[in-house]
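Notes to accompany the following structure.
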Amino acid sequence: MRTSSESPPQNRGLTAIAGAMFLIVVLLIVQIWLLSAALESFLAGHRQAALPAAVFSGVMFLMCLGFYVFVDRVDSEVRGSRNGG
């Protein structure tokens, strides 16, 4: 049985991409929930909840953007190693 250090770069790359995509999906679901909860709170007259929710939503957006850049970089590295260069 091969260990992770012996597996080809394609398999390691696909595993990393799948994990990052899962995290992106979870973050986007949480971000949608946060948006709906913040909007409901704002419309109910609780204005103080809008700013922290917006800041946290921005942080989650930046995290998703970081994961996207990671996935793009890993994908290009895997494709480059598959094509021989």
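Last residue of the sequence shown: 100 (this note's numbering), numbering continuous. The C-beta atom is built at its ideal place from N, Cα and C for all residues, glycine as well.
Pair within 9 Å by beta-carbon distance, residue i and residue j
{"i": "alanine 64", "j": "serine 56", "result": "yes"}
{"i": "serine 72", "j": "alanine 53", "result": "yes"}
{"i": "phenylalanine 76", "j": "alanine 31", "result": "no"}
Beta-carbon separation (whole angstroms), residue i vs residue j, contact threshold 8 Å
{"i": "cysteine 79", "j": "isoleucine 39", "result": "5 Å"}
7 Å CB neighbourhood of residue i in its chain, flanking five on each side removed
{"i": "phenylalanine 82", "result": "Ala35, Leu38, Ile39"}
{"i": "leucine 43", "result": "Cys79"}
Residue of the options minimising C-alpha distance to residue i
{"i": "valine 74", "options": "Val45, Gly95, Ser96", "result": "Val45"}
beta-carbon residue i near the ligand ZN non-hydrogen atom, thresh 8 Å
{"i": "glutamine 63", "result": "Absence of the ligand ZN is noted for the structure shown, with no ligands found whatsoever."}
Three-pair Cβ contact test at 8 Å for the region 31-39 versus the region 86-94: Under the three-pair Cβ rule at 8 Å, the region 31-39 counts as touching the region 86-94.
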